[in-house]
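Peer 1: Quick one: the structure is below, and I'll ask about it shortly.
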Amino acid sequence: LFGLPVSEPFFDDDGVSTQVFQNAVLEDLGFDGVRLRDIGQVLIEQAGLAGDPAFKPAPPAGGTTFLVDADDGLRLRGGPAADAAVVMVLPNNAEFIAVIETAGTAASDWIPGYADGFAGWVSATFLTQPPPLPQLDPALWDPAIWQGAALSETNVRAEPSTTSRTVEELEFGDPLTVRQWVAGEEVFEGANLWAQLGERRYVYARNVGRNAPVLPIAPPPDAPTWGKWIDIHLTQQLMTVYDGITPLRTVVITTGMAGWETPPGLFYILHRVANETMTNDAIGAENFYRLEDVLFTQYFTDRGHALHFAWWRTPETIGRPGSHGCINMLLEDARYLWDWAEIGTAILIRR
């Protein structure tokens with residue numbers, strides 16, 4: 021609906037908290053709610069820039085991701101030339117989402133694309149394409165623990181804080197296991213989740229990704245054995261849809277973060293809302309939020325817990341805790357579950 025997020029929340033020139041997505045911009049107006057505005061494609065067309073690859077809408081899959089490889093930063097410019105105006109300076113190891121249809125042209129040393137909500141051109145010399153996150157061998161998979169890998173170079177800290185001393189430096193793809201998810205420094209607004217790897221060993225949760233298999237996990241003895249039911253494994257961040265004892269579909273999800281853990285137990289879908297608006301007041305959260313267009317919402321408690329599409333999640337950010345207790349899904353998975361489930365469908369949530 022809104023597309024993938026292309027920036028972290030930031031304050032614009034008017035002091036309004038803003039976050040940019042591929043197809044829209046959300047503005048946090050405090051007690052007046054969240055306002056949705058177009059991302060500016062109409063203005064681009066009016067300015068005659070629609071033919072410029074740097075101003076094309078991002079592809080649905082997010083384009084091709086590169087990492088900046090420049091110790092002093094990389095200048096995002098308004099055109100494919102070293103004397104073009106500087107839009108912003110991208111820090112080393114920052115992500116750049118590239119549109120590469122121009123390869124082989126006179127400007128092929130310059131690549132158009134996006135970073136942090138801005139469009140422009142960068143020198144291809146200072147880009148490197150990250151390898152895919154190495155996947156865990158199923159033979160080494162332990163469903164009793166969360167297994168993943170570092171998404172980039174990152175520090176392991178003695179406490180869940182960026183001011184704590186560094187005890188180890190991880191490289192991209194280094195394997196890791198999470199003992200538990202804990203609340204720590206709020207590095208970004210509303211994002212205070214850290215992964216505890218061991219005694220006095222913590223990594224900021226946004227720097228780790230799940231790389232374990234996406235496979236059904238044997239249900240417990242007290243699981244349903246007939247009819248439609250849903251198995252949610254909190255440790256593995258997996259959901260499997262069952263017809264009796266037959267697994268139909270297994271997907272990666274995001275469940276409640278530290279302090280907002282998704283409750284374990286046996287539940288049933290109570291009511292369904294095709295297009296929901298969610299607010300912090302509904303669950304008693306302190307940080308204000310108002311999320312509109314939360315599609316395919318299926319509530320299973322009277323405290324606001326639901327299965328739903330989370331347009332703010334991506335394939336890279338799903339698979340680790342991070343919600344206020346709901347079960348977050350990607351679009352196709354949420355749509356599938358909406359079409360398949362019904363009021364009264366059982367949901368078994370376990371660790």
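Numbers in my numbering are just positions in the sequence shown, counted from 1, shifted up by 20.
Idealized CB from N, CA, C, for every residue including glycine.
Treat the numbers as computed from the prediction; the structure is a model and nothing was measured.
Sorry if obvious, but does the Cβ on G247 come closer than 7 Å to a heavy atom of the ligand FAD?
Peer 2: With respect to the ligand FAD, the structure offers nothing, as it holds no ligand at all.
Peer 1: For H291, count neighbouring C-beta atoms within 10 Å of its own C-beta (all shown protein chains included) and say buried if the count is 16 or more, exposed if not.
Peer 2: Under this definition H291 is an exposed residue.
Peer 1: Excluding the 5 residues flanking A178 on each side, which residues of the same chain have their C-beta closer than 6 Å to its C-beta?
Peer 2: So the qualifying residues of the chain are S184, R185, V187, R220.
Peer 1: Can you find at least 3 beta carbon pairs, one from the region 230–244 and one from the region 140–148, that sit closer than 8 Å?
Peer 2: No contact exists between the region 230–244 and the region 140–148.
Peer 1: Go ahead and pull the three-state DSSP assignment for A330.
Peer 2: Coil, per DSSP.
Peer 1: Assuming contact is defined by CB atoms lying nearer than 8 Å, are F320 and F329 in contact in what I supplied?
Peer 2: Cβ distance not < 8 Å, so F320 and F329 don't count as in contact.
Peer 1: Apply the 10 Å Cβ neighbour rule to V109 and answer buried if 16 or more other Cβ atoms are within range, or exposed otherwise.
Peer 2: With fewer than 16 Cβ atoms within 10 Å of its Cβ, V109 is classed as exposed.
Peer 1: Say whether the region 256–275 touches the region 336–346, bearing in mind that this needs 3 or more beta-carbon pairs closer than 8 Å, one atom from each stretch.
Peer 2: Counting Cβ pairs under 8 Å, three or more are found: they touch.
Peer 1: At which residues does the beta strand (DSSP E) containing G353 begin and terminate?
Peer 2: Note that residue 353 is Asp in the sequence shown here, rather than Gly. D353 -> not in any beta strand (DSSP E); alpha helix (DSSP H) instead, spanning 351–360.
Peer 1: Using a Cβ-Cβ cut-off of 8 Å, state whether G35 counts as contacting chain B.
Peer 2: In the structure shown, chain B cannot be found, because there is only a single protein chain.
Peer 1: Can you tell me whether P163 is helix, strand or coil according to DSSP?
Peer 2: DSSP places P163 in coil when its eight states are reduced to three.
Peer 1: For T186, list the residues DSSP reports as bridge partners.
Peer 2: Partner(s): R177.
Peer 1: Count the other C-beta atoms from every protein chain shown that fall within 10 angstroms of the C-beta of A252, then say buried if there are 16 or more, exposed otherwise.
Peer 2: Note that residue 252 corresponds to Ile in the displayed sequence, not to Ala. Per the 10 Å Cβ criterion, buried.
Peer 1: With DSSP as the reference, identify every bridge partner of F316, one or two as the case may be.
Peer 2: DSSP lists no partner for F316.
Peer 1: Assess contact between the region 210–230 and the region 240–251, defined as three or more Cβ pairs (one per stretch) separated by less than 8 Å. Is contact present?
Peer 2: Segments in contact, no.
Peer 1: When the Cα of A326 is compared with those of I347, G99, M298, which residue comes out closest?
Peer 2: When only C-alpha atoms are compared, the closest one is I347.
Peer 1: Enumerate, from N- to C-terminal direction, the unbroken beta strand (DSSP E) stretches of 3 or more residues contained entirely within the region 210–234.
Peer 2: Runs found: 211–218, 221–224, 228–230.
Peer 1: State the Cα-Cα distance for the pair E28 and N212, rounded to the nearest angstrom.
Peer 2: The straight-line gap from Cα to Cα measures roughly 14 Å.
Peer 1: Around the Cβ of Y262, are there at least 16 other Cβ atoms within 10 angstroms (buried) or fewer (exposed)?
Peer 2: It counts as buried.
Peer 1: How many Å lie between Y222 and R97 at the Cα?
Peer 2: Going by the C-alpha atoms only, they are around 37 Å apart.
Peer 1: Which residue from G247, G99, A169 puts its Cα closest to that of I265?
Peer 2: Of the candidates G247, G99, A169, the one whose C-alpha sits nearest the C-alpha of I265 is G247.
Peer 1: With 16 as the cutoff for other CB atoms within 10 Å, does E352 come out buried or exposed?
Peer 2: Looking at its Cβ environment, which holds fewer than 16 other Cβ atoms inside 10 Å, E352 is exposed.
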